[in-house]
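>
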Amino acid sequence: MRVRCELCLARAHDDRGAARHRAAPRRRAANDRRAARGSDRPQPPAFEFQASERLYNLGKGFPSHRLAKDKTYRPGRRDTQPARPPDGSGGSVSGTAYLAVINPAAGHGRCGKMVGPALERLRAAGIELETVETRHAGHATRIAREAYQDGYRRFLAVGGDGTSYEIVNGLFPEASEGERPTLGFLPLGTGNSFLRDFSERGLEHSFEALTTGRTRPCDVLRMKHKQGVVHYINILSVGFVADVAVVANRRFKRMGQLGYWLGIIVCLARLDRRAFPLAVNGQQDIDRRRCLLLTFNNSKYTGGKMMLAPDAEIADGLIEYVRWGPVGRLGLVSNLPGLYDGSHIYQPLASRLAARQIDFYLDSPIDVMVDGEVLTIHCERLDVLPSALNVIA
1240 MRVRCELCLA
1250 RAHDDRGAAR
1260 HRAAPRRRAA
1270 NDRRAARGSD
1280 RPQPPAFEFQ
1290 ASERLYNLGK
1300 GFPSHRLAKD
1310 KTYRPGRRDT
1320 QPARPPDGSG
1330 GSVSGTAYLA
1340 VINPAAGHGR
1350 CGKMVGPALE
1360 RLRAAGIELE
1370 TVETRHAGHA
1380 TRIAREAYQD
1390 GYRRFLAVGG
1400 DGTSYEIVNG
1410 LFPEASEGER
1420 PTLGFLPLGT
1430 GNSFLRDFSE
1440 RGLEHSFEAL
1450 TTGRTRPCDV
1460 LRMKHKQGVV
1470 HYINILSVGF
1480 VADVAVVANR
1490 RFKRMGQLGY
1500 WLGIIVCLAR
1510 LDRRAFPLAV
1520 NGQQDIDRRR
1530 CLLLTFNNSK
1540 YTGGKMMLAP
1550 DAEIADGLIE
1560 YVRWGPVGRL
1570 GLVSNLPGLY
1580 DGSHIYQPLA
1590 SRLAARQIDF
1600 YLDSPIDVMV
1610 DGEVLTIHCE
1620 RLDVLPSALN
1630 VIA
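Residues in the sequence shown are numbered consecutively from 1240, following the numbering used here.
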């Protein structure tokens, strides 16, 4: 009900976005029509960036299924058609419409500029949409959770990997015991790594998949930690990759890909190789060896074009576990090019393993990078929800 009220109270985002692209006479005509209706509401304030801030210790807005029930739920925006109950009584929420969750700040504002024409193109192809904008970190998680409870089953992540990550954390764990949801993508953010497993064509590939209804099963990986649980569909990493993400987010976030490379340089200068004690598939032996990085993957790519897990498959029911031993600076630099074609996995200190479960034996919380977001959590167990999600890709 909360999501339906949100959709009914707000104006359509894409109407506003499309209006910016119309000629001046049409804008004047639209203004006249609004004036005739007596609409004098001020424009909403600028949106905060949804998925960029460093989220320490599961702070406010963190998507780990511990959001307080009395937290303010700020309205988003709706489509031009009013939402109706998901009860099969002629409403568009009967299973055919997508709830498009839009992060207008994704891609340093690129998403907000492109979303209007992109949504119009989907509608012209016969795709039924209802739209809601995010306003702060964790908002997409709350929107998705409440929408799923209200009967929505088809979602569209409009933004980057961070937007889809938050939606997934809103759908699960509830969706693991209910009807399987479907997630589509409009990659208008900075990082769009997940879709690269299927095509390098980005937005055009997404349009084609959505208009043809091309659905694939997708595993959801579940990290249980002392403060809650995190779900993801792309990658979770610790060690060097997480260190770089921490530095890049803290110091160079606004610099995009250049900021990521500056983060690599900073972390290379203070190279930290340490142990992350863990056991694979319930084994008694705990691996306490020092390493440069560990990644736990569902898909192949991260950081846009980096193929960290060349053998990963999104629907095999397995975690693709990649380990780099205590590689030194020279070894790391010489193997950096291999991160982009997957050949790094063949260097002597690298290894991979397909696992069903990883148990962690850590003394304290650690930084992790999960689907582009940086969290500080005390990891306990990682496992798989096989084919728990349908993706349009």
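Glycine included, C-beta positions come from ideal geometry on N, C-alpha and C.
Between which two residues does the beta strand (DSSP E) holding M1462 run?
Against the sequence shown, residue 1462 aligns to sequence position 223. Note, M1462: beta strand (DSSP E), 1454-1464.
> For a quick check, are the C-beta atoms of V1613 and A1484 less than 8 Å apart?
Within the sequence shown, the letter at position 374 stands for residue 1613. Within the sequence shown, the letter at position 245 stands for residue 1484. Yes. Within cutoff.
> Roughly how many angstroms lie between the CA atoms of R1512 and V1505, to the nearest whole one?
Working through the sequence shown from its first residue, we reach residue 1512 at position 273. Working through the sequence shown from its first residue, we reach residue 1505 at position 266. In a straight line, the C-alpha of R1512 is about 15 Å away from that of V1505.
> Where E1416 and R1509 are concerned, what is the direct C-alpha to C-alpha distance, given to the nearest angstrom?
Here residue 1416 is taken as the residue at index 177 of the sequence shown, counted from 1. Here residue 1509 is taken as the residue at index 270 of the sequence shown, counted from 1. Those two C-alpha atoms are separated by around 45 Å.
> Look up D1606 in the DSSP assignment and give the residues it is bridged to.
In the sequence shown, residue 1606 corresponds to position 367, counting from 1. According to DSSP, which records beta bridges pairwise, D1606 is partnered with T1615.
> Which one of A1481, V1459, T1451, F1479 has the shortest CA to CA distance from N1473?
Position 234 of the sequence shown holds residue 1473. The shortest C-alpha separation from N1473 is found at V1459.
> For the segment 1380-1388 against the segment 1402-1421, are there 3 or more C-beta pairs whose distance is under 8 Å?
A contact exists between the segment 1380-1388 and the segment 1402-1421.
> Curious, which full-length beta strand (DSSP E) runs of at least 3 residues does the segment 1484-1550 contain?
Counting only runs of 3 or more, we get 1517-1519, 1532-1536.
> In angstroms with no decimal places, state the Cα-to-Cα distance between R1562 and C1530.
Taking the sequence shown and counting its residues from 1, the one referred to as residue 1562 is at position 323. Taking the sequence shown and counting its residues from 1, the one referred to as residue 1530 is at position 291. The alpha-carbon atoms of R1562 and C1530 are separated by roughly 7 Å.
> Please report the straight-line C-alpha distance between L1358 and E1405, rounded to a whole angstrom.
Here residue 1358 refers to the residue found at position 119 of the sequence shown. Here residue 1405 refers to the residue found at position 166 of the sequence shown. Looking at the two C-alpha atoms, the distance is approximately 21 Å.
> Comparing the CB of M1546 with every heavy atom of the ligand HEM, is any distance shorter than 7 Å?
Within the structure as shown, the ligand HEM is missing, as the structure has no ligands at all.
> Return the residue from the list G1581, G1399, R1455 that minimises the CA-CA distance to G1633.
Outside the shown range of the chain, which is 1240 to 1632, sits residue 1633, and nothing can be said about it.
> Measuring alpha carbon to alpha carbon, tell me which residue in T1429, Y1471, R1493, G1452 is nearest Y1337.
The residue given as residue 1337 occupies position 98 in the sequence shown. The shortest C-alpha separation from Y1337 is found at G1452.
> Does the structure place the segment 1460-1467 close enough to the segment 1515-1530 that three or more beta carbon pairs sit under 8 Å?
Verdict: no, contact absent.
> Tell me, to the nearest whole angstrom, how far the beta carbon of A1632 is from that of F1424; I am working on the premise that it is less than 8 Å.
As a first step, residue 1632 is located in the sequence shown; it is residue number 393 there, counting from the start. As a first step, residue 1424 is located in the sequence shown; it is residue number 185 there, counting from the start. Their Cβ separation, rounded to whole angstroms, is 7 Å, which keeps A1632 and F1424 in contact under 8 Å.
> Between the beta-carbon of V1597 and the beta-carbon of P1549, is there less than 8 Å?
For the purposes of this step, residue 1597 is identified with residue 358 of the sequence shown, where counting begins at 1. For the purposes of this step, residue 1549 is identified with residue 310 of the sequence shown, where counting begins at 1. Inspection of the sequence shows that residue 1597 is occupied by Ile rather than by Val. Contact flag unset, no.
> Rank T1429, G1581, R1568 by C-alpha distance to the C-alpha of G1542 and give the top, closest one.
Locating residue 1542 in the sequence shown gives position 303, where the first residue counts as 1. Closest by alpha carbon: T1429.
> Please look up how many angstroms separate the CB atoms of L1475 and V1607, rounded, as I've assumed it's under 8 Å.
Here residue 1475 refers to the residue found at position 236 when the sequence shown is read from its first residue. Here residue 1607 refers to the residue found at position 368 when the sequence shown is read from its first residue. Confirmed, about 6 Å.
> Select from G1502, K1352, T1335, C1350 the residue whose C-alpha is nearest the C-alpha of L1368.
By one-based count along the sequence shown, residue 1368 stands at place 129. Selected option, being the one with the closest Cα: T1335.
> Does DSSP classify F1437 as helix, strand or coil?
Counting from 1 along the sequence shown, the entry for residue 1437 is found at position 198. Looking at F1437 - three-state DSSP - the assignment turns out to be coil, as it is neither helix nor strand.
> Tell me whether L1297 is buried or exposed, calling it buried when 16 or more other Cβ atoms sit within 10 Å of its Cβ.
Here residue 1297 refers to the residue found at position 58 of the sequence shown. In this prediction, L1297 scores a pLDDT of 35, lower than 50, which makes its location untrustworthy; the coordinate-derived value is nonetheless stated afterwards. Per the 10 Å Cβ criterion, buried.
> Just how far apart, CA to CA, sit N1537 and N1629?
On the sequence shown, position 298 is the one that residue 1537 refers to. On the sequence shown, position 390 is the one that residue 1629 refers to. Using only the alpha carbons, I get a separation of about 14 Å.
> Less than 8 Å between the C-beta atoms of V1477 and I1605, yes or no?
Taking the sequence shown and counting its residues from 1, the one referred to as residue 1477 is at position 238. Taking the sequence shown and counting its residues from 1, the one referred to as residue 1605 is at position 366. In this structure, I1605 lies closer than 8 Å to V1477 by Cβ.
> Looking at Y1579: is its Cβ nearer than 8 Å to the Cβ of M1545?
Position 340 of the sequence shown, counted from the start, is the residue given in the question as residue 1579. Position 306 of the sequence shown, counted from the start, is the residue given in the question as residue 1545. Yes, Cβ-Cβ distance for Y1579 and M1545 is below 8 Å.
> What residues in its chain sit with their C-beta under 6 Å from that of R1620, if we drop five residues either side in the sequence?
Numbered from its first residue, the sequence shown carries residue 1620 at position 381. Once the five neighbours on either side are set aside, the close Cβ partners of R1620 are K1463, D1598.
> Would you call E1443 buried or exposed, if buried means 16 or more other Cβ atoms sit within 10 Å of its Cβ?
Taking the sequence shown and counting its residues from 1, the one referred to as residue 1443 is at position 204. So E1443 counts as exposed.
> Count the other CB atoms, across all protein chains shown, that sit within 10 Å of the CB of G1377; report buried if there are 16 or more and exposed otherwise.
As a position in the sequence shown, residue 1377 is number 138, starting the count at 1. Under this definition G1377 is a buried residue.
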